[in-house]
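> Pasting a structure below so you can have a look.
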Amino acid sequence: MKSIFTFAYTLAVFLSIQNHLTRLFRSLESYFHPSNYGHHSITILHFLLRLVNSVCSRLHKERYQKPSCHPQVPANLRLTNVQLDEFVESVLPCAKLALFAKYKMEYAPAIIRNLSQIAPRIVVPAVLDLVYPALETVVEPHRLVQSMNALIAVCVTLVRDDSNLGSHKRAPLQTMEELSDKPYRSHAIALLNSVLPGLDANDISKMLLTFQIINLLITLVPIVDCSEAIHVRNDLTEEEQEVCSATANFETIVQNLLDKMIEIIHVFTGGAPAVTTVQGSLGAKSQSKLSVEETVIKRGIFSVFRALLGNCSTSIYKIAIDKLYDFISTNMYDSRLAADTVSEMIFCAVRTNPQQSLDLFLDLITEKLVPLITEESYEEEELDSTVVWYIILASQLFRASGMYILSHKTKMLKLLRMIVPLTCRTACELSCNALECMLTGLTNIYTDSSEYRREKLDQPFEKYLPIRNRNVEIFGNNICLAGVSAALPPLDGKLIPLIESPVKVYPFQFVAAPSYVKEMTYKGTNVRDFVLKRVKSVAEYLVLNRENDTKSLSAVCKILHILVFQRGIDRTKFDLQNQNYILSKRIVGDTVQGNRANIELKRTLTRSGYYFTAQHLEIMKLLVRLGTSLYSATRIDAQRILDGCIQTFPYSYLLVLDDILAFLKESSDISHEQFKGALYMLLNGKRLAICVRQNWSTLLRVWPALIEAQHSEKPSVIGLLELAQNTLVDNFESFQINFWLPDGPVVAARELYAAGGGENIHQPAWALPTDEEIEAAIERENIACEEKQKLYYSLCDRLVALSTDANLHWRHVDMAQSLLSLLIRRDIPFPSDAVKLFIRLLVNDTVKTRRMATGLIAAWLHITKPKAVKIPFENPIKEENVGPGAEWPIKYGFRMDNLITMYNKEKAPRTAKDWNATVFFSKTHWGFYTWPKVLKVYAPANEQKAINRELEELNETERFIVEIFCDDEFAEKFRQYMSVEEKKGEEAFDAIAFGLFYEGDQRLASEMVAGLLNGSKLWSFEKISAMSNWLKPLISSCLETVKTENVKNWGTAIATVFGSADPKALSWFIEMLFELCMKPTDNSFHATTYELFSLMLLV
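Oh and the sequence shown: position 529 is 529 in full-length UniProt numbering, straight run, nothing missing.
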């Protein structure tokens, strides 16, 4: 990765770099050939992609980065056009071969796109040399597909047409030399006509690429016949005259394009009303999903037709609309694919130019429906496919702009009154969608650029010439989303504070509308409240009398979701819009010049935060009831919406927590389904789940309730309780108990507040808190800290009690112990009873419990170990350039100033006086290279009072640990359990076990020795002498009989010790190892000991 950046950023610095790159890619060219595909292919493709991206990034910084951005590249180090051309020419042959790669086929178009933005005059002709021959041949379809991929990559550069701008080198066309001097936009228009045969219903992959090319070219090139501009303007260049002449073919191209799209619809629907597609007949009660082919057709036709109508003159628009009108007037298919595709084409027509098309299609569809819908039709459960066809087309007319809906109010209402009363399910769904779209158009406020775009393209050529518009402009808005919800005020009712706070909660501005727009109500009442009241009544009736009606209850849940969250758009539709935005930006964006495309995306998702009323609470309580339904479909829908409420409104879960926990109690009145529903409500959300909320009061209520939830022994309940335990263990994060704010942030906040005053446009919204208010806030925080600490210890005590409750099933006891292990902290002491409990669990029969206890006790010992006393140290021997700020070269290794850190047998401490006088360093690497700025060493052992305490000086918990380990029965069980190999082949040194001073067989012996040696480095000389006298013969005997499989354990133990301890503190141990090395023996001990000693020296 670093080498790629080095290549990219040294091109203009070292001229030889480009020569080496040229030679490199010449040698790699054969490896890019598709016949030489292998494991190397992905590596070289990735290298090429990253190199080109890096050059693009550098070029953007040098030429298009804002002057305010830093750092700026010096002018003498910037890439010239000649250097860029040379770079692209060296890379392009490999990039062209990469187009035909069999692996990571998305890499090559990205490489071609970026190269075309660096040197368009070299890359565009190269791509055209691939495309033109591929369009003429019919025997190499794969060649056409890859060439079209390359064409898509250079479309933006092709249309921008800087063929004669700047000083870049322009490469000729090799296959069509006579077209070499033509402007690139002429090629764009020619290609628009040449790719039309690619709309072949028999080749889906080719048709998909053709749709993409046509969509891009029509979006980027204004579809306006500018041929008359030659006669009315005298300022046109020769190239502009040529482009204007080429635009005369637009009418023919549009007619051929519409004919092709209509032909595709005709082919895929079989050409007759009786033939249905995979998606199904119009009269079918349920519709299957679209096949891949049908999806390509539907989306391709829609995107191309929308781009065409949104970027063409009125004269071209009329040609397209007339074609569509004639098709609808004379054709009808019993195919949902055809109906959806044609209806979306109608939507494009009425959205882009309703003046020309809304009356036309509204009159046609109404005229067709009037004789088809009779009095009997309103009673029929299934309608004739012809009626459904025209209802589908009619539903899209209501997606017109609101002002045109009003201007056609009479006709619109007539059509609505005709289709809304139909009882057929399909017709009912369509008419409801139509009504939603109409309400959306009437209540949403949005920018509509289609009319401005049309007026701009229809201007006289003397004022505006479309072919001179080189900027990429993409206009769009998505307004038919959620009916009238954007204009409805939020749920009314009393404001409920979710948390006690002196900060005032202001009313939420829910509706974005001018001040003169009246609030929408129903007979003076809040519409959301009105709907909620009726939906709540329906839900209560269904729960009591028809709980098996899951479809109705799911509809209730959807309505509740709209009432709480929706104000013009929901999350699903917003995510879809966002994906389309990112995709559009990626396609028409420019890595070099920056994303200059004008891409508009309406985002109206809003979180209401702390605006929480009594009506919100009613909805959440209703969702709790539905979330514990007897039927899983209802439970899932309700739980998903409740989870959204809990995540949107902080602390709102506290208001329904009692309702949820009530279902966990053991009672004959609580069903199996209610119990499961309540558990899922507590577990949904992972890190945001109720059961892991960072609130001690909540945990004190929820965790014991989960542990005591002994509802049944059904496998599903057992599995759910295991899920609960795993969710808690995986997602719980320790959070603060004692909180205090340093003075620094307070001072900075005062300064920031002062800077916002004066003549600043944005004045502070709130007054600066007074000293009394700050003191009151500090007092509240102190009280809250004390309360949190009490709750923490209450939770610990409760879990200790449950961990020893004989009436609980072993699974629930295990859960209690697991949750208790999560509560160990550094800031406040872990309860003594909890520590004693886990000490006893070290000899539990269950492997999982022993592991958990081992980990917790090791952590507790590490947290509570006495702090070593350290004192400043001044090295008597000084060396130059070895302290802070030392500059290279620095002498490292053995030096006179670091000899004091090394082991020396002659100076090893032999008496208590020598032991206390010896300087011990806490870090073994100090002095090898440099010394720290502040050098502190361990104080003498006789000053380490906390570490060398007597038994009576220990606290109660520490004495308990010493006494229980001195108990013979406990020690025997502990040794037996810890020496058992849990799995075959796992007889390895354990870093956690070493922290507990295990003893036993060879593995435990190595862990015990490592723990004793590491923990004894600050002991008094008397204790060290006693330990060494006792331990020397034991270690010697153990090492003399060590087996080959245990050598690694001893090696790891010794490495662990000498990695963190001053060797002078272990002089007796080092001398013992030397003695063992020198001791004659008849077995392989010498080799083993030498291996261990060598490992120690390496450490």
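Backbone N, C-alpha and C define an ideal beta-carbon position, used for all residues, glycine too.
#1: Given residue 1183, which residues of its chain have a CB within under 7 Å of its CB, disregarding the five upstream and five downstream residues?
#2: Run the CB neighbour count on N1049, radius 10 Å, all protein chains shown included, and call it buried at 16 or more, exposed below.
#3: Under 8 Å, do K936 and F838 count as touching if we go by C-beta distance?
#4: With burial defined as no fewer than 16 other Cβ atoms inside 10 Å of the residue's Cβ, what is the status of F612: buried or exposed?
#5: On the premise that R185 lies in contact with V159, defined as a C-beta separation below 8 Å, what is that separation, rounded to the nearest angstrom?
#6: Just to confirm, are V254 and I319 a CB contact at a threshold of 8 Å?
#7: Spell out the partners DSSP gives Y522 in its beta bridges.
#8: From G995 to M902, what distance separates their C-alpha atoms?
#9: Where does C424 sit, in a helix, a strand or coil, going by DSSP?
#10: Which term fits P884, buried or exposed, when burial requires 16 or more other beta carbons within 10 angstroms of its beta carbon?
#11: Just the C-alpha distance for M852 and I690, rounded to the nearest angstrom, thanks.
#12: Who are the near neighbours of A908 in its chain, counting only those whose CB is closer than 6 Å to its CB and skipping five residues on each side?
#13: Is the region 415–435 close to the region 361–372, with three or more CB pairs under 8 Å?
#14: Please name the residue or residues paired with P872 in a DSSP beta bridge.
#15: Indicate the three-state DSSP secondary structure (helix, strand or coil) for L532 in the structure shown.
#16: Rounded to the nearest angstrom, what separates A1061 and D827 at their Cα positions?
#17: Using the three-state DSSP reduction, which class does C796 fall into: helix, strand or coil?
#18: Thinking C-beta only, is V55 closer than 8 Å to E62?
#19: For R113, tell me which candidate among V145, N149 and L728 has the shortest Cα-Cα distance.
#20: DSSP state of L236, grouped into three classes?
#21: Based on the DSSP secondary-structure assignment, which residues constitute the bridge partners of I223?
#22: Whose C-beta lies closer than 6 Å to the C-beta of G402 among residues of the same chain, with five residues either side of it excluded?
#23: Tell me the DSSP bridge mates of L791?
#24: Please state the DSSP three-state secondary structure of L79.
#25: Can you list, in chain order, the residues of its chain with a C-beta nearer than 7 Å to that of Q674? Leave out the 5 residues immediately preceding and following it.
#26: Would DSSP call L996 helix, strand or coil?
#27: Return yes when the Cβ of E242 is within less than 8 Å of the Cβ of P183, no when it is not.
#28: If you check the beta carbons only, do L397 and A427 fall under 8 Å apart?
#29: Just grab the DSSP bridge partners of T613 for me.
#30: Could you have a look at G883 and say whether DSSP puts it in helix, strand or coil?
#31: Please list, in chain order, all residues of the same chain as I405 whose beta carbon is under 8 Å from its beta carbon, the five residues on each side excluded.
#32: Using the C-alpha atoms, what's the distance from S303 back to P466?
#33: With contact counted as at least three CB pairs below 8 Å, one residue from each stretch, are the region 29–37 and the region 91–98 in contact?
#34: Compare the beta carbon distance of L324 and A349 with 8 Å and say whether it is the shorter of the two.
#35: Going by the CB atoms, is the gap between P704 and L802 shorter than 8 Å?
A quick look at the data gives this:
#1: Since the displayed the chain opens at 1 and closes at 1099, residue 1183 lies outside it and no answer follows.
#2: Counting Cβ neighbours within 10 Å, N1049 comes out buried, since at least 16 surround it.
#3: In this structure, the beta-carbon distance from K936 to F838 does not fall below 8 Å.
#4: Buried, since its Cβ has 16 or more Cβ neighbours within 10 Å.
#5: By a beta-carbon distance limit of 8 Å, V159 contacts R185. Their separation comes to about 6 Å.
#6: Using a Cβ distance threshold of 8 Å, V254 and I319 count as a contacting pair.
#7: According to the DSSP secondary-structure assignment, Y522 is paired through a beta bridge with T525.
#8: Unreliable positioning characterises G995 in this predicted model, as indicated by a pLDDT of 41, which lies under 50. The coordinate reading is nonetheless provided below. Here the alpha carbons of M902 and G995 stand approximately 26 Å from one another.
#9: Note: C424 maps to coil in three-state DSSP.
#10: The Cβ neighbour count for P884, taken over all protein chains shown within 10 Å, is under 16; the residue is labelled exposed.
#11: Taking the Cα positions, M852 is about 24 Å away from I690.
#12: Once the five neighbours on either side are set aside, the close Cβ partners of A908 are S1067.
#13: Counting C-beta pairs with one atom in each stretch, the region 415–435 and the region 361–372 have three or more that are closer than 8 Å, which means they touch.
#14: P872 pairs with K936.
#15: Looking at L532 - three-state DSSP - the assignment turns out to be helix.
#16: Each residue's alpha carbon lies about 27 Å from the other.
#17: Reduced to three states, the DSSP call for C796 is helix.
#18: The beta carbons of E62 and V55 sit no closer together than 8 Å.
#19: Of V145, N149 and L728, the residue nearest in Cα terms is N149.
#20: Residue state, collapsed to three classes: coil.
#21: Listed as beta-bridge partners of I223 by DSSP are C312.
#22: Counting only Cβ-Cβ distances below 6 Å, and skipping sequence neighbours, we find G441 and L442.
#23: Note: L791 is not bridge-paired with any residue in the DSSP secondary-structure output.
#24: Coil, per DSSP.
#25: Counting only Cβ-Cβ distances below 7 Å, and skipping sequence neighbours, we find T628 and F663.
#26: Low per-residue confidence applies at L996: pLDDT is 42, beneath 50, and the placement is therefore not dependable, though the value from the model is reported in the following sentence. Of the three classes helix, strand and coil, the one that applies to L996 here is coil, per DSSP.
#27: At the C-beta level, P183 and E242 come within 8 Å of one another.
#28: Taking 8 Å as the Cβ cut-off, L397 and A427 do not qualify as a contacting pair.
#29: According to DSSP, T613 bridges with L495.
#30: Of the three classes helix, strand and coil, the one that applies to G883 here is coil, per DSSP.
#31: These residues qualify, in order along the chain: F398, M412, M438, G441 and L442.
#32: Distance between the alpha carbons of P466 and S303: 22 Å.
#33: Enough Cβ pairs lie closer than 8 Å, so yes.
#34: Yes, these two residues count as a Cβ contact at 8 Å.
#35: Contact: yes.
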